[in-house]
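Q: What follows is a single structure, and I will ask about it in a moment.
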Amino acid sequence: MKSCHLLHVLFGALRVTARDQRLPISPGNVPNGRLSLGSTKKFIVEVEQPSLSHVGFQVLSKSSRIGAYYKEFDCSDVFAGMVIETDSENVDTLLQMDGVINAWPASTVRTPRVEKQSSFSSPFSSNIRQNYSIHQWTGVDRLHAKGIRGKGAKVAIIDTGIDYNHKALGGCFGPGCKIAGGYDLVGPDWDAKNEKRFPKRPDDDPMDYHGHGTHVAGIIAAENSWLTGVAPDAELLIYKEPWETDEETIMQALCDAYNAGADVISTSIGQPNGFTDNPWALLASRLVDRGIVITASAGNEGETGPFFSSSGAMGHNVLAVAAANTSKDPHADKSDKSIAPRPVYFTTWGPSNELLLKPDIAAPGYEVMSTVLNQSYEVLSGTSMAAPYVAGIAALFIGEHGGREFHGAGFGKMLHDRIASSGRSLPWLSNHLWPKFTAPPFQVGTGLVDAWKVVTYDTQLDYEPFALMDTEMFVPEWKFKISNNGHKTHKYTFELEPQAGVNILDQYYGVLPLYGLEPRRIVPLVTLPNPAIIRPGDTRQVKVKFALPDVDDDYLPLYGGKIWVVSNHGERLAIPYGGAAYDTEKAFDNMFIAEPSITEVDGDWAWSFNVKNNVNDFIEIGARLSYPCTQLRWDIFEESWSESLWKWPLKVGQGGYVGSATTYPDSDQYWFFNPSVNDIEDMVPFPLTRVVRGFRLFWWFGKLANGTQIAPGNYTIRFAALRPYGNPKISDHWDIMYNEADNIQILPLNTTTNSTQMYRRTTH
Numbered sequence: 001m002k003s004c005h006l007l008h009v010l011f012g013a014l015r016v017t018a019r020d021q022r023l024p025i026s027p028g029n030v031p032n033g034r035l036s037l038g039s040t041k042k043f044i045v046e047v048e049q050p051s052l053s054h055v056g057f058q059v060l061s062k063s064s065r066i067g068a069y070y071k072e073f074d075c076s077d078v079f080a081g082m083v084i085e086t087d088s089e090n091v092d093t094l095l096q097m098d099g100v101i102n103a104w105p106a107s108t109v110r111t112p113r114v115e116k117q118s119s120f121s122s123p124f125s126s127n128i129r130q131n132y133s134i135h136q137w138t139g140v141d142r143l144h145a146k147g148i149r150g151k152g153a154k155v156a157i158i159d160t161g162i163d164y165n166h167k168a169l170g171g172c173f174g175p176g177c178k179i180a181g182g183y184d185l186v187g188p189d190w191d192a193k194n195e196k197r198f199p200k201r202p203d204d205d206p207m208d209y210h211g212h213g214t215h216v217a218g219i220i221a222a223e224n225s226w227l228t229g230v231a232p233d234a235e236l237l238i239y240k241e242p243w244e245t246d247e248e249t250i251m252q253a254l255c256d257a258y259n260a261g262a263d264v265i266s267t268s269i270g271q272p273n274g275f276t277d278n279p280w281a282l283l284a285s286r287l288v289d290r291g292i293v294i295t296a297s298a299g300n301e302g303e304t305g306p307f308f309s310s311s312g313a314m315g316h317n318v319l320a321v322a323a324a325n326t327s328k329d330p331h332a333d334k335s336d337k338s339i340a341p342r343p344v345y346f347t348t349w350g351p352s353n354e355l356l357l358k359p360d361i362a363a364p365g366y367e368v369m370s371t372v373l374n375q376s377y378e379v380l381s382g383t384s385m386a387a388p389y390v391a392g393i394a395a396l397f398i399g400e401h402g403g404r405e406f407h408g409a410g411f412g413k414m415l416h417d418r419i420a421s422s423g424r425s426l427p428w429l430s431n432h433l434w435p436k437f438t439a440p441p442f443q444v445g446t447g448l449v450d451a452w453k454v455v456t457y458d459t460q461l462d463y464e465p466f467a468l469m470d471t472e473m474f475v476p477e478w479k480f481k482i483s484n485n486g487h488k489t490h491k492y493t494f495e496l497e498p499q500a501g502v503n504i505l506d507q508y509y510g511v512l513p514l515y516g517l518e519p520r521r522i523v524p525l526v527t528l529p530n531p532a533i534i535r536p537g538d539t540r541q542v543k544v545k546f547a548l549p550d551v552d553d554d555y556l557p558l559y560g561g562k563i564w565v566v567s568n569h570g571e572r573l574a575i576p577y578g579g580a581a582y583d584t585e586k587a588f589d590n591m592f593i594a595e596p597s598i599t600e601v602d603g604d605w606a607w608s609f610n611v612k613n614n615v616n617d618f619i620e621i622g623a624r625l626s627y628p629c630t631q632l633r634w635d636i637f638e639e640s641w642s643e644s645l646w647k648w649p650l651k652v653g654q655g656g657y658v659g660s661a662t663t664y665p666d667s668d669q670y671w672f673f674n675p676s677v678n679d680i681e682d683m684v685p686f687p688l689t690r691v692v693r694g695f696r697l698f699w700w701f702g703k704l705a706n707g708t709q710i711a712p713g714n715y716t717i718r719f720a721a722l723r724p725y726g727n728p729k730i731s732d733h734w735d736i737m738y739n740e741a742d743n744i745q746i747l748p749l750n751t752t753t754n755s756t757q758m759y760r761r762t763t764h
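Per the numbering used here, residue 1 is the first one in the sequence shown, and the count goes up by one each step.
Have a look at this one:
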């Protein structure tokens, strides 16, 4: 096991410094991981229902917490909790409070970038054809021809607002209008990163001044003589968020949509996360359990490769929607393979960090035309466009068969399964097409959504995606139910469709980016069910059994495909399967790719934290995570502490534990510390939880998580990442940064330009 004392600067060819590891900040640097953690000093805390006020009292009662921010969620019986902003707590101390169930660091969230192709005010001002349509590829056109247009469905959108004056969206706002309700959750002046100066002031006007939300709304419900949304008769609710928002606001918007009676919620907001237990995903999962259908954009970080899923899409039975490229020419020959639908390169890959299957389904998300501000239209690309498309298909089903009020709490899961099982297989696409292979579920779910199947099929599947896990946690047997909701007997047979496998090992990034992935034939041994005859109104449970594929695990292969359920009446539905043909714990035993680096100029391991007069004497650590991490810790111990004394949970003042370090939020975005721009009081505490893979940079100025400044003296520091499926109680389950020195020295602060250097020369 690695030594547990101070940090080690690598030598020779393996030397990696913070400056070397950083790339210029641009959207094209996706292999480096998301540059911004979006960290804040806020925490989302879930509590036992009777303990809500008690926990709030614990947070606000101590004098050290004067000025702490505290707000409870208004979320009925779904989520009892609060948001806390404080300089004196971290996840550890919050979890030790009576009545607390869980606590998460809260993050800011940006609406995903979309690609803009063109804009215009009418079809005659551009080269596009009249009767623009992508619906021919999804079966929506056939449903429209039957008069199925989503009437009676209530769809909530969480986005930048809607230009409700747009004629294609009804031209009005309020009861009786297409945009029937909603509000602005934060007001016009709120600043997510400076809330004390620019606080939230919600108001009743959800007017869009950005355009993203209006485009999303048009995909669902726009209508004029040449453009028709998926469900033009659906009623829309809009919960306005700014371009840069935060998790607490998104969560409250989800709760408000639930309380307003929405059948469907569409969200095109998120950031790389990949953990199914993040607070936003947990809340969304519970709302689905209460009958709401939720669609979420899978994300636009596909070039980064697998294991980079978006936060909001991780919820259980939340429909994570990937983007597909479909021709918009309504007269196109669908038999022409050159224009057949395919994945879009930017669509984010799963699976989840726990090896659960994401995304769930794909929808048109490339060059999609819709409404924007000022009676105009734009062609945009992104999974932001795909998620509302699927929300519109859910509205079509509701218009024909009723929503959650009619069907009850099981409706969200039922419609999730209908939509997710409808997918049409798409060809492999990374840096080029490979028609020989079909795209795996980690990229596009079951494939391109088929609205005709969703709304008209007799067959209903009830299943969990076949997440086979890895070689050590392999789950071989899966059961699912088939219901015949029609008026004739169906005979069902079963087929295996192996899809492209990939080797994901990358020596530099940990996981290969998209351009390095090549499709491979990796097929598990599968025992399919015997044919099943199911009469009208009956349900049958059947079983599928898998065995691990025979493949070399050295290069970390992922494999997946679909099990087709085929009726003798022409109905075809699919359930995805997928797994890792390697041991995750073994594969990512080294969570740090090369040793993390520390900026130490003099080699004396002493710092004063003097940042005045351009001295900039603080500790900077750069680390690249090979795999997503449930906990990343930077802890400070007494000088005599050693790893053999590790004891969990850590408590300040016990076992030599001094406290957790803090870091400047989003240090990655800055080339150097500038006191005129960066405030050393604006710190976020360790531990960081649910951290995505990629490079991160951390600055410590001596402030501890409890809000105090560390006293001069000698200390031991421990910078460590918890390995996959690790138990924090066990020291060996942490990947600990190697430390060259036995301890560090914290010097008295001196504000003169060269005092730190002088102090070092006279004392060493």
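Where is the CB? At the ideal position from N, CA and C, for every residue including glycine.
Would you identify the three-state DSSP class for Val691, choosing helix, strand or coil?
A: strand
Q: Using alpha carbons as the reference points, say which of Ala395, Trp349, Asn614 lies closest to Ile504.
A: Trp349
Q: Look at the Cβ atom of Tyr239, then the Cβ atom of Gly182, and state whether they are nearer than 8 angstroms.
A: yes
Q: Could you pull out every residue in the same chain whose Cβ sits closer than 7 angstroms to the Cβ of Leu548, ignoring the five residues on either side in sequence?
A: Thr471, Phe474, Pro524, Ala581
Q: Is the beta carbon of Gly561 less than 8 angstroms from the beta carbon of Pro519?
A: Between Gly561 and Pro519, the gap from beta carbon to beta carbon reaches 8 angstroms or more.
Q: Which residue from Ser660, Leu380, Leu169, Ser676 puts its Cα closest to that of Ser225?
A: Leu169
Q: Please name the residue, chosen from Leu356, Val114, Ile134, that lies closest to Ala340 on a Cα-to-Cα basis.
A: Per the Cα distances, Ile134.
Q: Taking the alpha-carbon positions, what's the Tyr508 to Val449 distance?
A: 36 angstroms
Q: Is the number of C-beta pairs between the region 614-624 and the region 566-581 that are closer than 8 angstroms three or more?
A: no
Q: Can you give me the C-alpha to C-alpha distance between Asp682 and Lys193, rounded to a whole angstrom?
A: Cα to Cα, the separation comes out at about 10 angstroms.
Q: Suppose you measure from the CA of Asp92 to the CA of Pro687; what does that come to, to the nearest Å?
A: When only Cα atoms are considered, Asp92 and Pro687 end up about 8 angstroms apart.
Q: With a threshold of 8 angstroms, are at least 3 pairs of Cβ atoms found where one atom belongs to the region 185-202 and the other to the region 418-435?
A: Taking one beta carbon from each stretch, the region 185-202 and the region 418-435 have fewer than 3 pairs nearer than 8 angstroms; the two do not touch.
Q: From Asn32 to Ala387, what does the alpha carbon distance come to, in whole angstroms?
A: Confidence at Asn32 is low in this model, with a pLDDT of 34, below 50, so the placement of that residue should be treated as unreliable; the coordinate-derived value is given next. Here the alpha carbon of Asn32 sits roughly 26 angstroms from the alpha carbon of Ala387.
Q: With distances taken between CB atoms, is the gap from Arg418 to Ile482 smaller than 8 angstroms?
A: no
Q: Secondary structure at Trp280, three-state DSSP: helix, strand or coil?
A: helix
Q: Buried or exposed for Thr276, going by 16 or more other Cβ atoms inside 10 Å?
A: buried
Q: Measure the beta-carbon distance from Val444 to Leu426 and round it to whole angstroms, keeping in mind my assumption that it falls under 8 angstroms.
A: 5 angstroms
Q: Determine which residues share a DSSP beta bridge with His733 and list them.
A: Answer is none; His733 lacks a bridge partner.
Q: Tell whether a beta-carbon distance below 8 angstroms holds between Leu749 and Phe609.
A: yes
Q: Determine, using beta-carbon pairs with one atom in the region 262-270 and one in the region 354-368, whether at least three such pairs fall under 8 angstroms.
A: no
Q: Can you tell me which of Thr304, Ala395, His407 puts its alpha carbon nearest to the alpha carbon of Asp506?
A: Thr304
Q: How many Å lie between Gly402 and Ser421 at the Cα?
A: Rounded to whole angstroms, Gly402 to Ser421 spans 20 angstroms at the Cα level.
Q: Would you call Ile746 buried or exposed, if buried means 16 or more other Cβ atoms sit within 10 Å of its Cβ?
A: buried
Q: Suppose the cutoff is 6 angstroms on Cβ atoms and the five residues either side in sequence are ignored; what does the same chain contact list for Trp137 look like?
A: Thr326, Pro341
Q: Counting only the same chain and skipping the five closest in sequence on each side, list residues whose C-beta sits under 7 angstroms from that of Ile680.
A: Val611, Phe701
Q: Pull the bridge partners of His490 from the DSSP assignment, please.
A: Ile534
Q: With distances taken Cα to Cα, identify the nearest neighbour of Ala180 among Phe494, Pro531, Leu236, Tyr377.
A: Leu236
Q: Measure the C-alpha to C-alpha separation of Asn590 and Leu625 and round it to an integer number of angstroms.
A: Distance between the alpha carbons of Asn590 and Leu625 is about 9 angstroms.
Q: Where do the N-terminal and C-terminal ends of the alpha helix (DSSP H) with Cys255 fall, by residue?
A: 247-259
Q: If you draw a straight line from the C-alpha of Ala587 to the C-alpha of Thr446, how long is it?
A: Between Ala587 and Thr446, the C-alpha separation is close to 27 angstroms.
Q: Can you find at least 3 beta carbon pairs, one from the region 288-302 and one from the region 313-322, that sit closer than 8 angstroms?
A: yes
Q: Pairing CB atoms from the region 207-221 with CB atoms from the region 273-287, are three or more of them under 8 angstroms?
A: no
Q: Where Val565 and Ala574 are concerned, what is the direct C-alpha to C-alpha distance, given to the nearest angstrom?
A: 6 angstroms
Q: Taking C-alpha atoms, which residue in Phe397, Thr689, Glu571 lies nearest to Val140?
A: Phe397
Q: Using only CA atoms, which one of Thr708, Leu517, Ile598 lies nearest to Phe437?
A: Leu517
Q: Pick from Ile636, Thr662, Asp668: whose alpha carbon is nearest that of Gln654?
A: Ile636
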